[in-house]
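One structure is given below, encoded as structure tokens.
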Amino acid sequence: MNRFSAERPLRPRRSCLAVPGSNPRFLEKAQQLAADQVFLDLEDACAPLAKPEARHTIVKFLNEGDWGTKTRVVRVNDWTTEWTYRDVVTVVEGAGANLDCIMLPKVQDAQQIVALDLLLTQIEKTMGFEAGRIGIEAQIENAAGLVNVDAIAAASPRLETIVFGPADFMASINMRTLVVGEQPPGYPADAYHYILMRILMAARMHGLQAIDGPYLQIRNVDGFREVAGRAAALGYDGKWVLHPGQVEAANEVFSPSQEDFDHAELILDAYAWHTSDAGGRKGSAMLGDEMIDEASRKMALVVSGKGRAAGM
Ligand code: GLV
Ligand code: MG
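Sequential numbering of the sequence shown, starting at 1, is according to the UniProt record's numbering.
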């Protein structure tokens with residue numbers, strides 16, 4: 001576990017809903033959906049000419065909207081553009097008290113996270129906001145980001161998640177496909193396995209959440225479930241959703257099944273009893289046909305913890 005994790009809230013992020021910051025109709029509708037997180041986008045879902053006005057639209061919707069218990073995030077533009085500092089200053093000065101995290105896209109190295117952390121610190125001081133409350137989500141979307149992901153994950157105590165951005169990533173490494181989230185035709189195995197695991201290792205090493213990016217075939221909910229299921233099986237905490245139809249599927253896929261949750265609770269109860277005085281202080285024991293020990297307890301805790309977070 002990292003030295004920072006105890007200081008940051010662990011927010012549910014099974015479904016992370018993308019909403020263009022320039023579209024008031026979508027910003028209105030998003031408030032009613034059952035997504036764990038919303039992110040109001042100033043980057044690729046927002047046309048360059050619409051960005052200046054979208055900053056103010058986002059401030060208004062953060063301050064006046066009813067977002068319930070949702071995690072409220074704004075995705076700013078990346079540091080290679082001319083927009084980033086104004087995105088951060090306008091949105092955080094205007095709505096910092098009603099905002100949980102800034103998402104930084106196309107992160108290439110640790111310095112880009114440090115720069116955002118410093119800017120947030122300045123704004124918090126100037127505005128009298130609670131120091132360090134606003135978190136950072138880092139998107140990995142190119143080869144530099146993936147190669148440097150360990151340093152990126154360690155760059156700031158504000159970091160909460162590492163997010164895989166498959167569309168930009170595939171473009172940046174010249175992967176031969178046009179269907180975001182699906183396997184490239186002609187490759188017989190899982191082309192995302194290495195990338196997803198690399199990100200997951202860096203995230204877990206530093207006590208952060210790992211989030212899978214978008215699936216663009218928004219009418220194909222079965223395809224979404226399958227791709228989301230792969231990330232969930234590896235241990236990912238959630239996935240982006242681009243359409244109301246994907247929200248429920250993500251919430252389901254990233255929660256344990258009732259059967260797994262019940263089984264995990266059974267392991268925890270049985271192991272607690274066997275290791276107690278009454279149970280003979282055993283280090284390992286049988287639960288039906290299954291041998292359980294301390295490592296089984298830890299695995300059960302992961303499933304049980306995700307279930308409880310999902311309200312089971
Ligand atoms: C998301 O930003 C992506 O590029 O997939
Ligand atoms: Mg992207």
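Glycine included, every Cβ here is placed at the ideal spot set by N, Cα and C.
Predicted model only: the values in this text are computed from it and were never measured.
Cβ of residue i versus every heavy atom of ligand 2: is any distance shorter than 7 Å?
i      : result
GLY165 : yes
PRO105 : yes
GLU141 : yes
ASP44  : yes
ASP168 : yes
Contact defined as beta carbons within less than 8 Å: I believe residue i pairs with residue j. What is the distance between those atoms, to the nearest angstrom?
i      : j      : result
ILE136 : SER156 : 6 Å
ASP307 : PHE261 : Note that residue 307 is Gly in the sequence shown here, rather than Asp. Right, their Cβ atoms sit about 4 Å apart.
TRP79  : ALA115 : 7 Å
THR57  : LEU27  : 7 Å
GLY213 : PHE164 : 5 Å
ILE292 : SER304 : Their Cβ separation, rounded to whole angstroms, is 14 Å, which puts ILE292 and SER304 out of contact at 8 Å.
ARG176 : ASP117 : Between ASP117 and ARG176 the Cβ distance is about 37 Å, and since that is not below 8 Å, they are no contact.
LYS134 : ILE102 : Residue identity differs from the one stated: residue 134 is Ile in this sequence, not Lys. The Cβ separation is near 6 Å, so the contact holds.
PRO249 : ALA232 : Looking at the sequence provided, one finds Ala at residue 249 rather than Pro. Not really, about 11 Å apart at Cβ, beyond 8 Å.
ASP66  : LYS106 : So it is not a contact: roughly 32 Å between Cβ atoms.
LEU120 : TYR85  : Between TYR85 and LEU120 the Cβ distance is about 11 Å, and since that is not below 8 Å, they are no contact.
Anyone know if the C-beta pair for residue i and residue j falls short of 8 Å?
i      : j      : result
GLY145 : PRO166 : no
GLY96  : PHE129 : yes
ASN148 : GLN209 : no
VAL91  : VAL74  : yes
ASP237 : ILE195 : no
SER22  : ASP36  : no
LEU62  : ARG72  : yes
LEU42  : PRO244 : no
ALA191 : GLN183 : yes
ILE267 : LEU242 : no
ALA202 : ILE173 : no
GLU218 : GLN258 : In the sequence as presented, Glu is not what sits at residue 218; that position holds Ile. Cβ distance not < 8 Å, so ILE218 and GLN258 don't count as in contact.
ARG11  : GLU160 : yes
PHE39  : VAL59  : no
ARG230 : TYR271 : no
LEU234 : LEU200 : yes
MET205 : ASP150 : yes
ALA264 : ALA300 : yes
Could you check if residue i belongs to the surroundings of ligand 1, using beta carbon to heavy atom distance under 7 Å?
i      : result
GLN37  : no
PRO214 : yes
VAL180 : yes
Going by DSSP, what residue range makes up the alpha helix (DSSP H) through residue i?
i      : result
GLY305 : 294-309
THR177 : No alpha helix (DSSP H) holds THR177; DSSP gives it neither H nor E.
GLN122 : 110-127
LEU146 : 143-147
From which residue to which residue does the beta strand (DSSP E) around residue i run?
i      : result
GLU137 : 135-140
LEU287 : 285-287
LEU17  : 15-20
Beta-carbon of residue i versus every beta-carbon of chain B: anything under 8 Å?
i      : result
PRO184 : Chain labels in this structure do not include chain B; a single protein chain is all it has.
What residue ranges within the region 25-106 form continuous beta strand (DSSP E) runs of no fewer than 3 residues, ordered along the chain?
37-41, 71-75 and 101-104
Which runs of the beta strand (DSSP E), 3 residues or longer, sit entirely within the region 206-258?
Listed in chain order, they are 209-212 and 238-241.
Could you tell me which uninterrupted beta strand (DSSP E) segments, each at least 3 residues in length, are contained entirely in the region 151-200, listed from first to last along the chain?
159-164
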